[in-house]
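Laid out in structure tokens, this is it:
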């Protein structure tokens, strides 16, 4: 029976160029043929075209948890002498929205995401590619199990596309940097949470940073801390432009 289903799937793939492209992508990045192709199709289905379809939000929820567990285990074993704070910080940098968005683009997952172009502007919905990557990881986990999903995340994504050395050496505490800049110029810094939005499986926060009562940056994230860091990063970019002019 399984052999018959595999033969049927093979014939269907050959007759459908879009499906053939998806299967080729899955094989290229995971090194495995999909068993349940429907999982990957759901993973690449944005909620903007949910009517009559299933969106990727449930798989995103699962993939987020699986990715976090894989990365935590990887860092725990790779850095046996490091404290919890170090491990937490590096894991956060590896799996934050910007990092996952960049990773999704690097492996060209963004080219396969289906969304309603009338409702969604990628420049405004800037987390959707990273969310799709989490959903894809969830699909790999359900299709092939934890060990093979772990191999995909570590051996393909981390080894090929992430430099842990650069990540560790690069100071990403943007909030601390903008506070230092403001103090240097004798200005007051205020961080505000503008919005707390409840999405289906997570919260999303929007933060704003004001320096001397002037809005210098805004950012979004799944935690208040992350949103403030993103706002601070934008503010730093703005201050850099001021100082070069």
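Residue numbers (this note's numbering): 552 to 796. Yeah, the Cβ is synthetic: ideal placement off N, Cα and C, and Gly gets one too. Just so you know, these numbers come straight off a predicted model, no measurement behind them.
Asked                                                                                                                                                                               : Found
At a cut of 8 Å, does the region 573 to 585 reach the region 655 to 664 through at least three beta carbon pairs?                                                                   : yes
Determine the DSSP secondary structure at residue 761, reduced to helix, strand or coil.                                                                                            : strand
Helix, strand or coil for residue 745, going by three-state DSSP, please let me know.                                                                                               : strand
Do the region 776 to 786 and the region 725 to 745 make contact, defined as three or more Cβ pairs closer than 8 Å?                                                                 : yes
Going by CA-CA distance only, name the one from 588, 704 and 580 that's closest to residue 567.                                                                                     : 588
So what does DSSP say about residue 681, is it helix, strand or coil?                                                                                                               : helix
Give me, in chain order, the residues of the same chain whose beta-carbon lies closer than 6 Å to that of residue 786; leave out the 5 immediate sequence neighbours on both sides. : 729, 760, 767 and 768
Taking the alpha carbon of residue 733 as the reference point, which residue from 710, 750, 748 and 764 has its own alpha carbon closest?                                           : 764
Answer yes if the region 611 to 625 comes into contact with the region 679 to 688, meaning at least three C-beta pairs across the two stretches below 8 Å, and no otherwise.        : yes
Which runs of the alpha helix (DSSP H) at least 4 residues long sit entirely within the region 698 to 733? Give them in chain order.                                                : 715 to 720
Considering only the alpha carbon of each residue, which of 719, 758 and 775 lies closest to residue 645?                                                                           : 719
I think residue 684 touches residue 651, with their Cβ atoms under 8 Å apart; what is that distance to the nearest whole Å?                                                         : 5 Å
What do you get for residue 571, buried or exposed, if any count of 16 or more other CB atoms within 10 angstroms of its CB means buried?                                           : exposed
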